[in-house]
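Residue numbers (UniProt numbering), protein chains in the order written: chain W, 1 to 314; chain E, 1 to 352. The beta-carbon is built from N, C-alpha and C at its ideal position, and this holds for glycine as well. Single-structure report; data block below.
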Amino acid sequence: MLWYIGKRLLQSVLTLFIIITIVFSLLRLMPEEGYLGAAAEKMTPEQQEIILTNLGLRDPLLVQLGNFYMDLFKGELGTSVTYRTDVPVTTIISEKIMYSLLFGLGAVVMSLVIGVPLGILMAHMKGRWLDRLGTGYIVFVVAVPAAVYYIFIQMYVTDLFNLPLLFDEYNKMSWILPLTSMALAPTASYAMWMRRYMVDELNKDYIKLARAKGVKERTLMFRHVMRNAFIPMAQYLPATILFTITGSIYIESLYSIPGMGGLLVDAIQRQDNSVVQGLVLIFSSLGIIGLFLGDLAMALVDPRIKLGKGGSTR
Amino acid sequence: MGSNNEKPRILSIQNLIIKFKLRGQVLTAIRNISLDLYKGESLAIVGESGSGKSVLVKSIMGLLDKNGFIDQGQILYKDYDLAQFNTEKDWLRIRGKEIAMVTQDPMTSLNPLKTVGKQIEECVVLHQGLKGKEAYERTLKLLRDVGIGDVEKRYKQYPHEFSGGMRQRIVIAIAVACNPKILICDEPTTALDVTIQAQILQLLKNLQEMYGLTTIYITHDLGVVAKVADRIAVMYAGDIIEIGKTHEVFFDGKHPYTWALLSSLPQLGSKGEELYSIKGTPPNLFNEIKGDAFAPRNPYALNIDFVERPPFFKVTETHFAKTWLLHADAPKVVPPQSLQAFFEEGRRYAHE
């Protein structure tokens with residue numbers, strides 16, 4: 001087991017380095033005017049050159065990359081170039097990351113708590129009204145673009161329940177709508193998967209044998225079917241959880257939540273390399289951690305995955 | 001049908017009709033079957049795919065698919081009429097505890113995420129009322145009983161660590177762990193290779209004696225039947241058309257379908273000649289069947305076979321067949337040449 005974890009961990013770190021290096025290289029391909037900001041036209045070419053040299057952009061590419069990694073190992077992500085000049089990137093991100101994480105985690109918990117039981121119930125009552133209702137909900141959420149029902153919720157539901165239109169840190173009520181909006185889509189997908197895998201399992205021979213040996217339908221559901229249906233879920237869950245946490249750009253701008261979502265777009269537009277690199281590092285770390293956790297969860301719940309030097313077989 | 005004075009009756013199916021709703025149509029899968037099962041015997045139900053063998057035994061355990069239902073008839077077991085059962089609570093009194101089942105495909109019949117020990121123990125706890133250490137010990141004993149060695153280690157292993165034959169032994173252990181009175185084996189050897197088949201059949205036979213079980217085998221393999229069954233019921237198109245002691249059906253079969261079935265045994269074919277096969281296809285069960293269901297494929301069919309359904313004609317005290325050929329007014333018809341030799345040989349063998 002430890003061997004397996006170590007191996008996967010090493011793979012993850014390697015992947016992370018590759019991603020960062022690619023992003024670093026791509027950013028260096030962008031036109032240089034962006035670094036000079038609005039004042040570029042008034043500068044002489046010499047002045048421009050001085051600014052660019054000070055930013056370290058005239059060093060050979062490998063040296064730049066080396067410097068970047070040196071800083072990274074010290075836990076520094078550099079200072080912002082244009083977004084908020086000379087403010088450390090860590091400071092900029094840490095001011096915002098809490099909002100994104102809180103909303104993301106809130107939405108994940110909400111969608112799991114509602115989505116998974118909904119899927120189980122739908123599988124249990126396959127073909128009956130609850131199943132149809134749930135399927136309708138899933139189809140709606142998947143088929144209608146998110147922006148449409150996000151705006152709809154903000155426009156009408158605020159009136160309906162007299163909820164605040166914009167996010168306000170000190171007003172707990174203002175958390176409700178953004179959270180609900182964010183949870184809608186993941187709830188649907190958890191319900192859909194759970195239902196699907198449960199139905200798959202219910203049709204298998206071992207369920208017939210369990211029935212024949214006199215296991216109660218309820219015990220059968222909880223002890224046999226649910227756990228087995230969770231295995232394919234276990235693989236997807238961490239990655240989707242992280243997707244939910246990081247994928248809230250639209251909601252954040254809609255309710256003017258001071259989160260991370262808008263920051264990346266801003267930073268790219270202003271060509272603030274160090275901020276972009278910092279954000280990419282965080283997002284890709286989260287993604288890779290998600291995949292790592294997914295594999296780990298699979299290995300923990302499925303005895304058919306053999307761990308050890310033989311590699312994994314199924 | 002088929003009285004037997006030595007043993008008491010344990011299960012009695014009377015005038016059972018089972019129908020299925022399918023795509024807006026109604027299909028009659030079991031067409032008025034009556035069958036008695038005697039304590040301690042082993043009965044084999046043979047017939048081709050779609051003849052209703054599985055449906056018949058599933059109805060005994062309340063495991064019919066959702067669109068299937070018992071239209072009329074009774075299934076008497078102890079003081080219950082199983083045909084009237086419709087809640088889960090009713091069936092839980094029967095499933096496992098009284099009637100257990102060995103399923104067909106051992107590769108998919110076990111829960112892949114539970115150790116085999118736990119899967120057997122689930123039955124022990126559920127039906128024998130044992131807990132903890134006692135249940136564990138009983139599970140180990142069951143593993144030993146079905147011929148698995150190194151039981152402590154095997155208890156903790158998962159199904160994927162067992163071979164097909166071993167898994168079938170586990171499935172059998174699960175069925176026996178329920179401590180049932182009746183054991184239904186639904187094609188227990190179909191998914192196994194021939195050498196393993198023989199071992200599994202021997203095991204089932206041993207367990208039957210050890211635990212005093214009454215067994216029902218469902219199979220389309222007459223070779224299996226010959227090895228294990230005391231009695232044979234031949235099914236065709238949802239009806240039992242011949243029933244009797246194994247040697248009676250094998251060596252003195254009366255129904256032309258039984259003849260056809262026996263003639264198509266590869267062992268009976270002579271080298272260089274084409275193996276016998278039954279012409280035509282079984283009737284469509286969506287339509288109402290008039291007369292003898294086998295008549296259209298039956299070279300010996302009489303006119304009445306197309307008009308009126310034959311009743312059971314008594315051959316001996318234990319042997320009955322549903323064919324008009326046994327009627328006193330019917331013309332004398334003898335089984336095909338190749339079969340006669342087989343019958344002759346068999347009878348001689350049976351006498352010795």
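Problem - W:E95: first and last residue of the uninterrupted alpha helix (DSSP H) it sits in - result: It spans 89-124 - the alpha helix (DSSP H) in which W:E95 sits, taken as one unbroken run.
Practice task
Verify the CB distance criterion: does W:K96 have a CB-CB separation below 8 Å to chain E?
Solution key: It does not; no Cβ of chain E falls within 8 Å.
Handout entry: Contacting residues, own chain, Cβ-Cβ under 6 Å from E:F162 (five flanking each side not counted)
Key = The same chain holds no residue with a CB closer than 6 Å to that of E:F162 once the five nearest residues on each side in sequence are set aside.
Practice task
Give every residue of the same chain whose Cβ lies closer than 7 Å to the Cβ of E:F286, excluding the five residues on either side of it in the sequence, and list them in chain order.
Solution key: Once the five neighbours on either side are set aside, the close Cβ partners of E:F286 are Q25, L27.
Exercise for the section: Whole angstroms is fine: what's the gap from E:I45's alpha carbon to E:C178's? Expected result: E:I45 and E:C178: Cα-Cα distance of roughly 23 Å.
Handout entry: Helix, strand or coil at E:N32 [DSSP, three-state]
Key = Under the three-state reduction of DSSP output, E:N32 falls in the strand class.
Handout entry: Residues bridged to W:G214 [DSSP beta-bridge criterion]
Key = W:G214 pairs with nothing; no bridge assigned.
Problem - Coarse secondary structure for W:R223, derived from DSSP in three states - result: Of the three classes helix, strand and coil, the one that applies to W:R223 here is helix, per DSSP.
Practice task
Between the Cα of W:D295 and those of W:D131, W:M233, W:K126, W:R270, spot the shortest distance and give me the residue it belongs to.
Solution key: Considering only W:D131, W:M233, W:K126, W:R270, the residue with the shortest C-alpha distance to W:D295 is W:M233.
Problem - Beta-carbon proximity check, E:A229 vs E:I240, cutoff 8 Å - result: Contact annotation: E:A229 and E:I240 have beta-carbon atoms that are not nearer than 8 Å.
Practice task
Please work out which residues of its chain come closer than 7 Å, Cβ to Cβ, to E:S338, disregarding the five sequence neighbours upstream and downstream, and give them in chain order.
Solution key: Taken in chain order, the residues that qualify are S263, L268.
Exercise for the section: For W:D205, return the contacting residues in chain E, with the cut-off set at a CB-CB distance below 7 Å. Expected result: What W:D205 touches in chain E: T103, D105, T108, S109.
Problem - Contiguous alpha helix (DSSP H) assignments of at least 4 residues, all confined to the segment 9-76 of chain E - result: As far as the segment 9-76 of chain E is concerned, its whole alpha helix (DSSP H) runs of at least 4 residues are 53-61.
Practice task
Output yes or no for whether 8 Å exceeds the beta carbon distance between W:Y206 and E:S109.
Solution key: W:Y206 is a Cβ neighbour of E:S109, given a cutoff of 8 Å.
Practice task
With a threshold of 16 other CB atoms inside 10 Å of the CB of W:G214, please say whether the residue is buried or exposed.
Solution key: W:G214 counts as buried, since no fewer than 16 other beta carbons sit within 10 angstroms of its beta carbon.
Practice task
Taking only the alpha-carbon atoms, compute the straight-line gap between E:Q199 and E:G147 and give it to the nearest angstrom.
Solution key: Going from the Cα of E:Q199 to the Cα of E:G147 covers about 10 Å.
Practice task
With a 10 Å radius around its C-beta and 16 neighbouring C-beta atoms as the bar for buried, classify W:S100 as buried or exposed.
Solution key: Under the 10 Å beta carbon count, W:S100 is surrounded by 16 or more other beta carbons and is classified as buried.
Exercise for the section: Below 6 Å CB to CB, which residues in the same chain sit around E:K245 once its five sequence neighbours on both sides are set aside? Expected result: Only residues of its own chain outside the window of five on either side were considered, and among them R231, T318 have a CB closer than 6 Å to the CB of E:K245, listed in chain order.
Exercise for the section: Give the interface partners of W:P303 over in chain E, defined as CB-CB distance under 7 Å, in chain order. Expected result: Within 7 Å Cβ-Cβ: L113, Y158.
Practice task
Return helix, strand or coil for E:E98, following the three-state DSSP convention.
Solution key: E:E98: coil per DSSP, three-state reduction.
Handout entry: Test: W:G294 CB closer than 8 Å to a CB of chain E
Key = Closer than 8 Å: no.
Practice task
Just mark E:Q340 as buried or exposed, buried being the case when its beta carbon has 16 or more other beta carbons within 10 Å.
Solution key: Exposed: under 16 other Cβ atoms inside 10 Å.
Handout entry: N- and C-terminal bounds of the beta strand (DSSP E) containing E:R231
Key = In the DSSP assignment, E:R231 falls within the beta strand (DSSP E) that extends over 231-236.
Practice task
Using a Cβ cut-off of 8 Å, pull out every chain W residue sitting near E:V171, in sequence order please.
Solution key: Near E:V171 (Cβ distances below 8 Å), the residues of chain W are L209.
Exercise for the section: Please state whether DSSP places E:L261 in a helix, a strand or coil. Expected result: In the three-state DSSP reduction, E:L261 falls in the helix class (H, G or I).
Practice task
Please compile the residues from chain W whose C-beta is within a distance smaller than 8 Å of the C-beta of E:I174.
Solution key: Result: L209, K213.
Exercise for the section: To the nearest angstrom, report how far apart W:E49 and W:G78 are at their CA atoms. Expected result: Using only the alpha carbons, I get a separation of about 21 Å.
Exercise for the section: Give the DSSP-derived three-state secondary structure of E:G129 in the structure shown. Expected result: E:G129: coil per DSSP, three-state reduction.
Problem - Coarse secondary structure for W:Y149, derived from DSSP in three states - result: When DSSP states are grouped into helix, strand and coil, W:Y149 belongs to the helix group.
Exercise for the section: Taking W:H224 as the query, report the chain E residues whose CB atoms sit under 7 Å from its CB, ordered along the chain. Expected result: What W:H224 touches in chain E: N111.
Handout entry: Contact set between W:N228 and chain E, taken where Cβ atoms lie within less than 8 Å
Key = Here the neighbours are N111, P112, L113.
Problem - chain W contact for E:A295 (CB, 8 Å cutoff) - result: No, E:A295 does not count as interfacial toward chain W.
Problem - 4-residue-minimum alpha helix (DSSP H) runs that sit fully inside the segment 133-161 of chain E, ordered along the chain - result: Secondary structure remark: continuous alpha helix (DSSP H) runs of at least 4 residues inside the segment 133-161 of chain E, in chain order: 151-155.
Problem - Beta-carbon proximity list for E:R138, same chain, < 6 Å, skipping 5 on both sides - result: Only V124, L130 meet the Cβ criterion.
Practice task
Under 8 Å by Cβ, that's how I've got W:I19 and W:S284 pegged, so tell me the actual separation to the nearest angstrom.
Solution key: Taking C-beta atoms under 8 Å as the contact rule, W:I19 and W:S284 qualify, at a distance of about 5 Å.
Exercise for the section: Quick one: list the residues of chain W neighbouring E:A135, beta-carbon separation under 7 Å, in chain order. Expected result: What E:A135 touches in chain W: nothing, since even the nearest Cβ is about 15 Å away.
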